[in-house]
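Participant:
Protein chains in written order, with my numbering: chain B, 1 to 425; chain E, 1001 to 1358.
Below you can see the structure in the form of structure tokens.
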């Protein structure tokens, strides 16, 4: 039995093929399309409330963030932007568009999703846009033991909003796991899909990209990404509010244990007349120290942290700030204009540069989010314009780096998930 | 060699390292920076666990020499996989002497002092001429101090490829079938090139007094689902010796001479000049007995490079302190595995996996 099918009841069903799941999802397409978007949103909002209270989910890593993201205002804002100004009513049927024309955003159909990593909330972030688009979705999880995700889906099944019940929404989705080497299962999933959403590293993205697909299938690929932060000279020279910025960077590094594509690793600071590299490092360290303790850590990560600390300590022109031997947080200091290899788990590389312009050449499409803090908006805009030309997708204030929003990775989240239908009666 | 209790060893080794580490730091600037930034003042070290362990990977990234270049009599290199940067250890005369003496003393305690015929389950090229030795070469040569004659049981067929020379090995074991002989090889090579090959050909020997020492390569064997028990059973059957004569040891080229041999109870022990600390994976604090963690090895042998307190890339567990059934004192531990990369946890990990981490 190669396929693990994670049911909302908390049970796991073993199957040898995807067919029964695909058939069930196909049956759900019409009922899903009939649901009113406002009720779907209300159900999600209820889900967001419940996961903070439910004993099965309230201590899951990143659940507070997910809950905030599921709030009505956020989902409505996401839809407003993603639906090209036509409003979320377009998801319920035709809306006027110019003289005598109407447009409707109809579900694409079946969305196949290949997830990366086993942070429990990631599959939910990926699934929700598909549910809002009234698609049905088959999620191929990265882990055979997705306890946290499984619990979240169980809570979704118990949520409700207006005429929509969470049990309806979970019937729109199936969570499965099978070994990534099961070529026939991957091919079947790909060929069944009207839309493909791929999260993963280079190898996974290439492998899934090579699978056969329907000619009409749309695709969104969220490949390997790197994120960083930039603090401008004037920002560092003004004391007021500086601690809030550094605290926000520390929090951005702590959320998801620094393993999200939007997690900062290198923090560039512009040379300034007030705060040197070491002094800024000490200030940042204080905010890392003030974070709530981590929940456990694997040996590989601890070893990577110990190695990074040693390497920075031993190198000329570099330094490191640590709380002691314990690998709870680390600030590595240098003046090398480069993107430092991620170590994760609250390891930040603080790099002093003469000007933010110095880092432009090392920015590319692999950089997703820049957490930026400049004293004036003009400079922030100038940075964002240049960085955007280099391929960077997001330039946002520290504290907002993980705000999963549309567009993400430069793509409107709903674009691959809906088909626009025109009516000119 | 194994009569010191843990607390006695702590009292014996700590003053030596309090003096030795700062001296090495003065002579080796990268290590000096390491201690200055991560170590705290050595006089404040009250336990061996308070000495900051140097991750072994640093020997691949820095030239860590604490003596003048002309004082180096031998360079030891980790075997390393193709394409990987090897560790390079600069060994001076005093360190080389101490390492050789220490290795001999540890082996003598376990297998006796008598010299005996020596079958190396490796190719002669592993012990090349010159002053540069790989980990394999160093171990072969070190154990060779117990040899009356040496025969190599494998031969090289191409770059990095070895095949069994069962004729040579068979002739050796036949000639010494009732005599004490010493056999040594790296675990994976012993398994793939000797045990499996002999089984495939239906060959079994009658080396009833053979002692097989083997080390390293457990990851590859674990990948093939070969347990230590399976290895021991089948190697002893092929050689025709008792299971207790198959002795695994743990050691690393960065601490040559300091090896941790399996005792009769199947546990590994640190000799008087060495110590082992298991560090909890999440906090890097010393783990409790029975709690698996990252192995740290301590040795006072090297004085020409800062290889005294090393954080390894291996997992282990302390199973007894001063009360191993074999009677040896100090911490008794077991090697568990290499430290494995954890499953990817977030979308950002996919970037880290692509780029590699320190």
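Cβ atoms here follow ideal geometry from the backbone N, Cα and C, with glycine treated the same way.
Tell me the start and end of each unbroken beta strand (DSSP E) in the region 1231-1297 of chain E that is at least 3 residues and wholly inside, in chain order.
Facilitator: With a minimum length of 3 residues, the continuous beta strand (DSSP E) runs that stay inside the region 1231-1297 of chain E are 1246-1250, 1274-1279.
Participant: Quick one, are the C-beta atoms of residue 275 (chain B) and residue 250 (chain B) less than 8 Å apart?
Facilitator: No, these two residues do not count as a Cβ contact at 8 Å.
Participant: So, is the C-beta of residue 1058 (chain E) closer than 8 Å to a C-beta in chain B?
Facilitator: Taking Cβ atoms only, chain B reaches closer than 8 Å to residue 1058 (chain E), which makes this a yes.
Participant: Can at least three beta-carbon pairs, one atom from the region 208-224 of chain B and one from the region 183-193 of chain B, be found at a separation below 8 Å?
Facilitator: As far as the Cβ criterion goes, the region 208-224 of chain B touches the region 183-193 of chain B, which means the pair count is three or higher.
Participant: With H, G and I counted as helix, E and B as strand and the rest as coil, what does DSSP make of residue 273 (chain B)?
Facilitator: If DSSP states are grouped into helix, strand and coil, residue 273 (chain B) belongs with coil.
Participant: Does any residue of chain B bring its CB to less than 8 Å from the CB of residue 1082 (chain E)?
Facilitator: With a pLDDT of only 49 at residue 1082 (chain E), under the threshold of 50, the placement of this residue in the model should not be trusted; the figure read from the coordinates follows. Residue 1082 (chain E) does not count as touching chain B.
Participant: Quick check on the burial criterion: 16 or more other C-beta atoms within 10 angstroms. Buried or exposed for residue 309 (chain B)?
Facilitator: Under this definition residue 309 (chain B) is a buried residue.
Participant: One question on the structure: do residue 215 (chain B) and residue 366 (chain B) come within less than 8 Å of each other, judged by their Cβ atoms?
Facilitator: No; because the gap between Cβ atoms is not below 8 Å, this pair is not in contact.
Participant: Check each residue of the region 67-80 of chain B: if its Cβ is closer than 8 Å to any Cβ of chain E, include it; give the result in chain order.
Facilitator: Listed by position, the residues of the region 67-80 of chain B near chain E (Cβ gap below 8 Å) amount to none.
Participant: Interface residues of chain B around residue 1315 (chain E) at Cβ under 7 Å?
Facilitator: Simply 299.
Participant: So with CB distances below 7 Å, who are the chain E contacts of residue 313 (chain B)?
Facilitator: Those are 1033, 1034, 1037, 1038, listed as they occur along chain E.
Participant: Within the continuous beta strand (DSSP E) that includes residue 1120 (chain E), where are the two ends?
Facilitator: It spans 1116-1120 - the beta strand (DSSP E) in which residue 1120 (chain E) sits, taken as one unbroken run.
Participant: Does DSSP put residue 43 (chain B) in a helix, a strand or coil?
Facilitator: It is helical.
Participant: Do you know how far the Cα of residue 1178 (chain E) is from the Cα of residue 1207 (chain E)?
Facilitator: Going from the Cα of residue 1207 (chain E) to the Cα of residue 1178 (chain E) covers about 6 Å.
Participant: So with Cβ pairs under 8 Å, would you call residue 1335 (chain E) a contact of chain B?
Facilitator: It does not: the Cβ of residue 1335 (chain E) has no partner Cβ on chain B nearer than 8 Å.
Participant: For a contact defined as C-beta to C-beta under 7 Å, what are the partners of residue 1052 (chain E) on chain B?
Facilitator: Per Cβ cutoff of 7 Å: 325.
Participant: For residue 1322 (chain E), collect the residues of the same chain with a Cβ closer than 7 Å to its Cβ; drop the 5 residues on either side in sequence, then sort them by chain order.
Facilitator: For residue 1322 (chain E), where only same-chain residues beyond five positions count, the Cβ hits under 7 Å are 1005, 1006, 1329, 1330.
Participant: In three-state DSSP terms, what is residue 1313 (chain E)?
Facilitator: Residue 1313 (chain E) falls in the strand class under three-state DSSP.
Participant: Extract the residue ranges of the alpha helix (DSSP H) inside the region 35-95 of chain B, only unbroken runs of 4 or more that lie entirely within it.
Facilitator: Here the runs fully enclosed are 37-53, 63-69, 72-82.
Participant: For residue 1173 (chain E), which residues in the same chain have their Cβ closer than 6 Å to its Cβ, ignoring the five residues on either side in sequence?
Facilitator: Result list for residue 1173 (chain E): 1205, 1207, in chain order.
Participant: Looking at chain B, which residues of the region 1280-1309 of chain E have a Cβ within less than 8 Å of any of its Cβ atoms?
Facilitator: Listed in sequence order: 1281, 1282, 1283, 1284, 1285, 1293, 1294.
Participant: Count the other CB atoms within 10 Å of the CB of residue 1093 (chain E); is the residue buried (16 or more) or exposed (fewer)?
Facilitator: Its Cβ having fewer than 16 others within 10 Å, residue 1093 (chain E) is exposed.
Participant: Are the C-beta of residue 306 (chain B) and some C-beta of chain E separated by less than 8 Å?
Facilitator: Closer than 8 Å: yes.
Participant: By DSSP, does residue 209 (chain B) sit in helix, in strand, or in coil?
Facilitator: In the structure shown, residue 209 (chain B) sits in a helix (DSSP, three-state: H, G or I).
Participant: Tell me whether the beta-carbon of residue 1090 (chain E) lies closer than 8 Å to the beta-carbon of residue 1116 (chain E).
Facilitator: Their beta carbons are not under 8 Å apart, which means residue 1090 (chain E) does not touch residue 1116 (chain E) by this criterion.
Participant: From the beta carbon of residue 1030 (chain E), is the nearest beta carbon of chain D less than 8 Å away?
Facilitator: Among the protein chains in the structure shown, which are B and E, there is no chain D.
Participant: Three or more C-beta pairs closer than 8 Å, one from the region 50-67 of chain B and one from the region 144-164 of chain B: is that the case here?
Facilitator: These segments touch.
Participant: In the DSSP assignment, what are the bridge partners of residue 1140 (chain E)?
Facilitator: Beta-bridge pairing links residue 1140 (chain E) to no other residue.
Participant: For residue 1118 (chain E) and residue 1153 (chain E), which I take to be in contact (beta-carbon distance under 8 Å), what is that distance rounded to the nearest angstrom?
Facilitator: Contact doesn't hold; Cβ gap of about 10 Å is too wide.
Participant: Verify the CB distance criterion: does residue 1339 (chain E) have a CB-CB separation below 8 Å to chain B?
Facilitator: Taking Cβ atoms only, chain B reaches closer than 8 Å to residue 1339 (chain E), which makes this a yes.
Participant: Where do the ends of the beta strand (DSSP E) carrying residue 352 (chain B) lie?
Facilitator: 347-353 is the extent of the beta strand (DSSP E) around residue 352 (chain B).
Participant: Buried or exposed for residue 270 (chain B), please, with buried defined as at least 16 other CB atoms from any protein chain shown within 10 angstroms of its CB.
Facilitator: It counts as buried.
Participant: Would residue 176 (chain B) count as contacting chain E if we go by Cβ distances under 8 Å?
Facilitator: Chain E, which has no Cβ nearer than 8 Å to the Cβ of residue 176 (chain B), makes this no.
Participant: Go through the region 1162-1241 of chain E residue by residue and report every complete run of the beta strand (DSSP E) that reaches 3 residues or more, in order.
Facilitator: Those beta strand (DSSP E) runs which fall completely within the region 1162-1241 of chain E and span 3+ residues are 1181-1186, 1210-1215.
Participant: Would you call residue 1003 (chain E) buried or exposed, if buried means 16 or more other Cβ atoms sit within 10 Å of its Cβ?
Facilitator: Exposed, since its Cβ has fewer than 16 Cβ neighbours within 10 Å.
Participant: For residue 40 (chain B) versus residue 17 (chain B), is the C-beta spacing smaller than 8 Å?
Facilitator: No. Outside cutoff.
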